[in-house]
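Notes for the one structure printed next.
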Amino acid sequence: MYAFSYHAARSLDDAVQRLREDPEARPLAGGMTLIPSLKHRLARVSQVVDLAPLFPLRALEVGDKHVQIGALVAHQEVADSPELAQALPGLAHLAGLIGDPQVRARGTLGGSVANNDPAADYPAAVLALDATLITDRREIAAADFFMGMFATALASDELLVAVRFCRARRSAYAKFRQSASGYAMAGVFLADLGPAGLRVAVTGACDGVLRWHEAEQAWAQGRLPGALHHPGLQEDLHASARYRGHLAGVLFEQALAQLSP
Ligand SMILES: Cc1cc2nc3c(=O)[nH]c(=O)nc-3n(C[C@H](O)[C@H](O)[C@H](O)COP(=O)(O)OP(=O)(O)OC[C@H]3O[C@@H](n4cnc5c(N)ncnc54)[C@H](O)[C@@H]3O)c2cc1C
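According to this note's numbering, the sequence shown is numbered sequentially starting from 785.
Pasting the structure below:
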């Protein structure tokens, strides 16, 4: 670990100002990714700006049309919310599948989405549920937010404040875990948006989350999509590209079986 200083944010403006003044400063949420990166010297920062004191970022609101979740809400809180389980069962189920109890207790929605790990679970829900990413200065549509592996539309001094999810008629998520880490080898989120049709997003299989348009069209025509065919399918020591494509098709069917009638 390289030396760095620590600053507990006094307000959202204070946190943003710190990041603006010092390009090598980084926001800290639950530390589940940032702290190991610092410990292993994979990242070097001049200071961490701890967002923990920013209580407005811990709100979880379930409305008639939307569900808004603050950036600092931990995965376990999302998994445990009875209102959310009723409104968006797929999202609550997804949060309960992340990592292990320690990771779910500390890891946050904002940290996960801002980090945009290609195997993270939340990005699939964000994309399928047509979410809006609310930052300290603007609102970004999910389709414009994810920019490929570990990259997002956030500026270096921009903070994610909350995510507003569209309240789908039905939702479901199925995931095949990488057995050591718990991250998704592949994960498929289904959001039934009523007249707007079924939206399907896939995480883990490619170098970033993606909409699976062929699956959406297949479902509209009363067919199953079969395997995912995409030039970006990942090939690594855990699985071949073909295996991951096949997995996406299997997970689509598993998620479909979870959708309540
Ligand atoms: C062992 C292990 C297993 C895991 N398994 C899974 C899994 O199965 N599925 C899954 O999806 N994830 C998994 N994770 C990741 C976990 O879910 C965390 O959400 C993720 O690591 C981010 O952690 P954090 O919220 O503590 O953010 P931090 O580590 O504090 O921050 C992560 C990054 O986001 C930035 N950041 C944080 N908050 C904000 C904000 N509000 N605005 C802008 N930038 C911000 C930070 O500067 C940093 O770059 C796992 C992690 C571990 C350690």
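The C-beta atom is built at its ideal place from N, Cα and C for all residues, glycine as well.
- If you draw a straight line from the Cα of residue 947 to the Cα of residue 883, it comes to about 21 Å.
- Note on residue 921: under 16 other CB atoms within 10 angstroms of its CB, so exposed under the neighbour-count rule.
- CA-to-CA, the gap between residue 970 and residue 992 works out to about 11 Å.
- Rounded to whole angstroms, the separation of the alpha carbons of residue 809 and residue 786 is 13 Å.
- Distances from the CB of residue 944 to the heavy atoms of ligand 1 include at least one below 6 Å.
- With a cut-off of 6 Å, the C-beta of residue 830 is classified as distant from ligand 1, since no heavy atom of the ligand falls inside that distance.
- For residue 882, the three-state secondary structure derived from DSSP is coil.
- Our two residues, residue 984 and residue 840, have alpha carbons roughly 31 Å apart in a direct line.
- The stretch 856 to 864 makes no contact with the stretch 823 to 833: fewer than 3 CB pairs, one atom from each, lie closer than 8 Å.
- The beta carbon of residue 935 sits no closer than 6 Å to any heavy atom of ligand 1.
- Straight-line spacing of the CA atoms in residue 1004 and residue 982 works out to 8 Å.
- Counting every other CB atom within 10 Å of its CB across the protein chains shown gives residue 942 a total of 16 or more, marking it as buried.
- About 19 Å separates the beta carbon of residue 868 from that of residue 887, a gap too long to meet the 8 Å contact definition.
- Contact between residue 968 and residue 987 holds: their C-beta atoms lie close to 5 Å from each other, under 8 Å.
- Taking all protein chains shown into account, residue 811 has 16 or more neighbouring C-beta atoms within 10 Å of its C-beta and is therefore buried.
- Considering only 965, 827, 878 and 832, the residue with the shortest C-alpha distance to residue 800 is 832.
- Within a 10 Å sphere around the beta-carbon of residue 923 sit fewer than 16 other beta-carbons, which makes this residue exposed.
- Residue ranges of uninterrupted beta strand (DSSP E) with 3 or more members, entirely inside the stretch 882 to 951 and ordered along the chain, are 916 to 919, 923 to 925 and 944 to 950.
- Residue pairing from DSSP places residue 968 in a beta bridge opposite 961.
- In the assembly as shown, residue 865 is a buried residue. Its beta-carbon has 16 or more other beta-carbons within 10 Å.
- Inter-residue distance for residue 794 and residue 834 is about 9 Å (C-alpha atoms, whole angstroms).
- In the DSSP assignment, residue 790 falls within the beta strand (DSSP E) that extends over 789 to 792.
- Looking at the DSSP output, residue 987 bridges to 971.
- Pairing residue 918 with residue 897 gives a Cβ-Cβ distance that is not under 7 Å.
- Pairing residue 813 with residue 892 gives a Cβ-Cβ distance under 7 Å.
- For the stretch 800 to 888, the full-length beta strand (DSSP E) segments reaching 3 residues or more read 809 to 812, 831 to 834, 844 to 846 and 850 to 854 along the chain.
- Under the DSSP definition of a beta bridge, residue 976 partners with 954 and 982.
- A direct Cα-Cα distance of roughly 42 Å separates residue 837 from residue 1029.
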